[in-house]
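The numbering of the sequence shown is this note's numbering, which starts it at 331 and goes up by one.
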Amino acid sequence: MDCSAKLKGSQTRESVRGQVPCLVSRLVEADLLQRCNLHGKQIYVLTEELNLLLDM
Numbered sequence: 331m332d333c334s335a336k337l338k339g340s341q342t343r344e345s346v347r348g349q350v351p352c353l354v355s356r357l358v359e360a361d362l363l364q365r366c367n368l369h370g371k372q373i374y375v376l377t378e379e380l381n382l383l384l385d386m
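And the structure:
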């Protein structure tokens, strides 16, 4: 899977959904899980981040 592709404004929601695994990997690599691993909020934060990306 190519995780180097950038999101484009013209991409449909469906095509962006196909990149969700890469987006999750990027979020993990960005240390988001470690920084947000308080009170079990890491899943909520990831979900919110993905929702924002999917809604673009």
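Just so it is clear, CB atoms sit at the ideal spot from N, CA and C, and this is done for glycine as well.
How big is the Cα-Cα spacing for residue i and residue j?
{"i": "Tyr-374", "j": "Glu-359", "result": "17 Å"}
{"i": "Val-350", "j": "Leu-383", "result": "9 Å"}
{"i": "Ser-345", "j": "Asn-381", "result": "14 Å"}
{"i": "Leu-353", "j": "Thr-377", "result": "11 Å"}
{"i": "Gly-348", "j": "Glu-379", "result": "16 Å"}
{"i": "Met-331", "j": "Asp-385", "result": "Because Met-331 sits at a pLDDT of 44, beneath the cut-off of 50, its placement in the model cannot be relied upon, and the following sentence gives the value as read from the coordinates. Approximately 22 Å between the Cα atoms of the pair."}
Please tell me whether, using a cut-off of 6 Å, the distance from the CB of residue i to the nearest non-hydrogen atom of the ligand MG is below it.
{"i": "Asn-381", "result": "Looking for the ligand MG in the displayed structure turns up nothing, as the structure carries no ligands at all."}
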